[in-house]
Structure formats: structure tokens, C-alpha cells
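Here the numbering used here is used: the first residue of the sequence shown is 44, the next is one more, and so on.
C-beta: ideal position from N, C-alpha, C; glycine also.
Owing to the predicted nature of the structure, the values given are computational and were not obtained by experimental measurement.
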Amino acid sequence: MKFTSALVGTFAVLAIAAPAPHQKRAGVLATKTYDEISISGGVAGNAEQEALDVFSALDLTNMAAVDPADIDFLGSVNDIGNDAEVGAFNPAISAASGAEKTALQNGKIKNKVLKLQATVLELQIKAAQGEDTAEKLAAETKKLNNNIALDVKAAGQASTKLAFDATTT
44 MKFTSALVGT FAVLAIAAPA PHQKRAGVLA TKTYDEISIS GGVAGNAEQE
94 ALDVFSALDL TNMAAVDPAD IDFLGSVNDI GNDAEVGAFN PAISAASGAE
144 KTALQNGKIK NKVLKLQATV LELQIKAAQG EDTAEKLAAE TKKLNNNIAL
194 DVKAAGQAST KLAFDATTT
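In C-alpha cells, the structure reads:
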């Protein structure tokens, strides 16, 4: 009987001291419509911060731990941003003139900042998780910085938000 009590006691101690099973971190970015995440409206000049605010739920201090669902979300932001550019902004800009056209162009630039920020974050996270993204990251960062500069140059000007029917994954 002493053997059984000692054995049970040992297993009890081991069970208490054993580390908890690793819990998979759930994604923090929920499915959104394009209109919910769009930063195109308002005024130009602060698109970089507005884009970062859309992704503020991500823990960017530990990119290696970002959930695959959040990486997919970032990729889908780029996809629907591209779709909005082609399907909404380009036709509207072509049909507009004067101040209306300028405001639409500013909205398109802010849309580009959003989609490119999503892509840069996606590539940075993938790199932190071991994927070689250096070449594409450099190219996308260059495009992002160019559009941020265009947005800052237009600071204070009107920026038009266009509705677009699309949803992130």
C-alpha cells in the first residue's frame, strides 16, 4: 500500500508541476467589410497613422506569434483594396474633374496606403515566422513610402471615400 500511495503522490506532484499545454493564439482581426476598414474619407495627410490604426489589435512586438488567420486578413485587405482601386476609384476619377477629381485621387492614395501597409505588415510577419520575404518586402515598402509621401504632400486637402462591396477573410 505504501508503494501505491508513494506512486500516486509522485504522479500528483508531476501533474501539478507539468507545464500547461500550449494554447494556440486566436486571430485578433475580425472579418470586416471594405467600408468598415476604409480610410479614404476625410482629409489627406495622416493616412499612415490611419492605416496603422486599422491593424492596432495586432501585437507587432511579437510578429513570430501572429496567428495565421491574421496573416490571411492582411492579405485580404490588400486584395479588396486593389479591387476598390480598380472597381471604384479609377472609374470615378476618370469621370471627375477639378476639386472632385483631386479629392478622389487623395482617397485613392489613402486606399493605397491602407492596402500597402497591410502587405508590408503581412510580409514582416511572414519574415518573423521564417519565410524569406526580403525582396518583396523592399519593393512593397518603397511603394508604401511613396504613397505616404503623396498623402503628406496633400495634407489638409479633401479626400473622398467611395463605398465598395467587398469583405476581408
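* To do: Note down the Cα distance separating Asn189 from Ala170, rounded to an integer number of angstroms.
  => Sequence index remark: in the sequence shown, residue 189 carries index 146 (1-based). Sequence index remark: in the sequence shown, residue 170 carries index 127 (1-based). Looking at the two C-alpha atoms, the distance is approximately 22 Å.
* CB Ala131 to CB Gln172, shorter than 8 Å? -> Residue 131 sits at position 88 when you count from the first residue of the sequence shown. Residue 172 sits at position 129 when you count from the first residue of the sequence shown. Contact: no.
* **Uninterrupted alpha helix (DSSP H) stretches inside the segment 127 to 190 (no shorter than 4 residues)** => Within the segment 127 to 190, the complete alpha helix (DSSP H) runs of at least 4 residues are 133 to 138 and 141 to 171.
* To do: Evaluate contact between the segment 188 to 206 and the segment 156 to 163, counting only Cβ atoms and requiring at least three cross-stretch pairs below 8 Å.
  => yes
* From the DSSP output, which residues share a beta bridge with Val86? -> Walking along the sequence shown from the start, residue 86 turns up at place 43. Here Val86 is bridged, per DSSP, to Ala201.
* With which residues is Thr76 paired in a DSSP beta bridge? -> By one-based count along the sequence shown, residue 76 stands at place 33. Answer is Thr210.
* So, Val163 versus Glu178, is the Cβ gap smaller than 8 Å? -> The count along the sequence shown starts at 1 and reaches residue 163 at position 120. The count along the sequence shown starts at 1 and reaches residue 178 at position 135. Not closer than 8 Å, so no.
* Asked: Looking only at its own chain, which residues have a Cβ that is under 7 Å from the Cβ of Lys144, when we skip the five neighbours before and after it?
  -> To locate residue 144, count along the sequence shown from 1; it is residue 101. Excluding sequence neighbours, Lys144 sits near Ile136.
* Asked: With a Cβ-Cβ cutoff of 8 Å, do Ala197 and Ala127 count as a contact?
  -> For the purposes of this step, residue 197 is taken as residue 154 along the sequence shown, with counting starting at 1. For the purposes of this step, residue 127 is taken as residue 84 along the sequence shown, with counting starting at 1. For Ala197 and Ala127, no; Cβs fall outside 8 Å.
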